[in-house]
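What follows is one structure encoded as structure tokens, with my remarks underneath.
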Amino acid sequence: MVDGYLLATMATEFWTAIFERAAPVEVEIGPGTGTFLCREAAQRPAVNFFAIEASRSRAVRVSALVEQQGLRNVRIVHAPAQCVVRLIPDASVSAYHIYFPDPWWKRRHHKRRLFTPDFARDLARTLAAGGLVYLATDVLSVWRLAKECLESSGVTLSALPTRPRPSPTAFEKKGLQRGATIWQGTFVRPPVATRKVPSPTVGWHTAAGDRP
Ligand SMILES: C[S@@+](CC[C@H](N)C(=O)[O-])C[C@H]1O[C@@H](n2cnc3c(N)ncnc32)[C@H](O)[C@@H]1O
């Protein structure tokens, strides 16, 4: 049996190995030009920002921007988010930021859409109790799909006011210019008792002094 205390330690080690420090982690999926990512990271240096970008050229450009601005609290990975989120330890992310995910309009491309029940389950699993998903899109069908997948995974639309972005993202600007409606909301993983990390049990196998 895997000890919950050990799992919590592994989660801390996973992020500490990536950021070389322990701090709350927020994940942006599809940062695009990196406008939101860089502004947030500069404004909140105490938070670790992890961005997952499927486009290689965009990931490279955002990395260059991060380096130029000397942002030490940002890491970028070039890969499809669905694969990366699967590797993130349980209950270890404070917030996900998902702004204007690609709609994949054509029916035959729907399978490439970001939100699926499996993906939403991974977001739910990796969110800390009380953790948040910030979502915005200008496509109603994407909003409906994301909301349905998240709510089926127990991550519910919250009554919290939507956190204003420091400035509109590149895609948001385009949407606003053509008068599009922006569908946005904050979803929350409820802080339920079952998500509490159990305290060490009798089965703990290292010396007591090793416990963090
Ligand atoms: C429409 S753009 C929005 C960019 C930015 N969030 C904004 O609001 O300006 C969607 C972004 O998500 C990225 N993307 C699409 N599918 C992805 C996936 N499965 N995993 C990670 N990034 C993805 C795209 O490469 C692109 O940068």
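Numbered according to my numbering, the sequence shown spans residues -2 to 209. Built from N, CA and C at the ideal position, the CB exists for glycine as well.
Discussion item. Tell me which residues pass a beta-carbon proximity test against ligand 1: closer than 7 Å to any heavy atom, given in chain order.
Written reply: Ile26, Gly27, Pro28, Gly29, Thr30, Thr32, Phe33, Ile49, Glu50, Ala51, Ser52, Arg55, Pro77, Ala78, Gln79, Tyr96, Phe97, Pro98, Asp99, Leu111, Thr166, Ala167, Phe168 and Glu169
Worksheet entry | Arg109, DSSP secondary structure in three states | helix
Worksheet item: In the DSSP assignment, what are the bridge partners of Val130?
Response: Tyr93 and Phe184
Worksheet item: Relative to the C-alpha of Gly172, which residue among Tyr96, Arg53, Arg104 and Ala117 is closest?
Response: Tyr96
Worksheet item: Hey, how far is the Cα of Leu142 from the Cα of Ala177?
Response: 18 Å
Worksheet item: Ordered along the chain, which non-local residues of its own chain (more than five positions away) have a Cβ less than 7 Å from that of Lys144?
Response: Leu154
Worksheet item: CB Pro77 to CB Ala51, shorter than 8 Å?
Response: yes
Worksheet item: For Ala8 versus Ala88, is the C-beta distance shorter than 8 Å?
Response: yes
Fill in: From Thr183, Val71 and Pro163, residue whose alpha carbon lies closest to that of Leu129
Thr183
Fill in: Local Cβ density within 10 Å of Val57, reported as buried at 16 or more and exposed below that
exposed
Practice prompt. For Trp102, count neighbouring C-beta atoms within 10 Å of its own C-beta (all shown protein chains included) and say buried if the count is 16 or more, exposed if not.
Written response: exposed
Discussion item. Applying the 10 Å Cβ sphere with the 16-neighbour rule, what's the burial state of Ala19?
Written reply: exposed
Item to complete: Please look up how many angstroms separate the CB atoms of Gln98 and Gly27, rounded, as I've assumed it's under 8 Å.
Response: It should be noted that the sequence gives Pro, not Gln, for residue 98. Pro98 to Gly27, Cβ: 6 Å. Contact.
Discussion item. Taking the straight line between their C-alpha atoms, what separation do you get for Asn70 and Asp119?
Written reply: 24 Å
Worksheet item: Short check: CB of Gly67 to CB of Phe168, under 8 Å?
Response: no
Worksheet entry | Gln181 versus Ala156, Phe46 and Pro114, residue with shortest Cα-Cα distance | Ala156
Fill in: Closest residue to Val90 among Arg72, Asn45, Ser164 and Ala38 (Cα-Cα distance)
Asn45
Fill in: Bridge partners - Arg72, DSSP secondary structure assignment
Phe47
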